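Have a look at the structure below before the remarks.
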Amino acid sequence: MITGASSGIGKAFAFQLAALKMNLILIARRTKQLEEISEALRKQAVTVEILSIDLTQHVQRRQLVDIFKNKDVTLLINNAGFGGKDEKYSSMQFNDIQNMLELNIVVPAELSYHALQSFKIKDFPCGILNISSLAAFKALPNSILYGSTKSFLKEFSLGLSEEYKTSNVQISVACPGNVKTEMFAMELGVELEKIKPSIFVLEVDECAKLILKAFFSGKKFIIPGFTSKMLYLLINFLPRAFISQLEQSSK
Ligand SMILES: NC(=O)c1ccc[n+]([C@@H]2O[C@H](COP(=O)([O-])OP(=O)(O)OC[C@H]3O[C@@H](n4cnc5c(N)ncnc54)[C@H](OP(=O)(O)O)[C@@H]3O)[C@@H](O)[C@H]2O)c1
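Each position in the sequence shown, counted from 1, maps to that position plus 4 in my numbering.
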């Protein structure tokens, strides 16, 4: 089950997992995109189920609980996320604040719970892969809420992974840096096609490939790509004010 599979990293996960002959349940709001993806994936002889729901709506996501109860979901990828544009916390629309908290925190915590309930009765390997961000390591001005929500997801995943270390369930968290997707384009305020190749921006297929390779080799904490690994070290060791200035001048 992949949330946020209609574009970006989630869509790339879908194609790469289908190539491994995994049957898929794809979730996002945009029906047309999901239909086109499932049509393309069926050619790879896998079963693809699509569910167009708004995950921020509690009533709509209740049907996922039944899926965990009635189907053999073996891997949950909590990928759907909301970043919003760069702005001060107090300038954000209140509705965006609620959606970000819901989608980036409540949804992955809730889906992980239901997945773990269903994994309990299974005697084969299962997993949860949560997509956090490098932003999780320091909440920076103009994206404080996003960084804080991703920080929750990282800590939640690492803690859970300890709880499950001697079980059939692998819990991993990936913290990508910049990836060329709609979300990154929105953050920059440019069109996706206008983002030029750069060592600071990972291509989406490469990002998904590096994350899945690390996940299937058993890694619990994944930072995809050399540049992101270097940035991770910098972010952790340099003061917040310095990182913040660097980030603003790179845009
Ligand atoms: N791009 C980056 O630089 C970057 C860096 C670090 C981490 N990440 C993380 O990577 C994940 C994937 O993002 P992306 O970069 O691939 O961006 P993206 O292309 O914008 O993908 C976001 C996905 O989430 C889905 N989604 C958003 N709101 C939803 C909602 N309310 N209900 C259901 N689905 C919803 C979107 O589908 P619909 O619009 O069809 O609903 C879309 O499929 C996110 O968690 C993001 O925080 C991205």
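Glycine included, every Cβ here is placed at the ideal spot set by N, Cα and C.
Being a predicted model, the structure only gives us computed values, none of them experimental.
Rounded distance between the beta-carbons of residue j and residue i, thought under 8 Å
| i | j | result |
| --- | --- | --- |
| S176 | I226 | 6 Å |
| I81 | I6 | 5 Å |
| Q20 | A212 | 6 Å |
| L144 | L115 | 27 Å between Cβ atoms; not a contact. |
Closer than 8 Å: residue i CB and nearest ligand 1 heavy atom
| i | result |
| --- | --- |
| E186 | yes |
| F86 | yes |
| I71 | no |
| T143 | Looking at the sequence shown, residue 143 is not Thr but Ala. Every heavy atom of ligand 1 is 8 Å or more from the Cβ of A143, so no. |
| S155 | no |
| I54 | no |
| N74 | no |
| R34 | yes |
| A44 | no |
Start-to-end residues for the beta strand (DSSP E) that takes in residue i
| i | result |
| --- | --- |
| L55 | 52–56 |
Nearest residue (CA-CA) to residue i, options the options
| i | options | result |
| --- | --- | --- |
| V111 | A245, K224, N240, G8 | G8 |
| R34 | E43, Q20, N99, L55 | L55 |
| K126 | E114, Q97, N74 | N74 |
| S221 | A18, S94, G131 | G131 |
| I203 | K233, I57, T51, D58 | K233 |
| K223 | E251, S161, T51 | S161 |
Distance CB(residue i)-CB(residue j) smaller than 9 Å
| i | j | result |
| --- | --- | --- |
| T60 | L133 | no |
| G88 | L138 | no |
Opening and closing residue of the alpha helix (DSSP H) in which residue i lies
| i | result |
| --- | --- |
| A218 | 208–220 |
| N240 | 230–241 |
| I41 | 35–46 |
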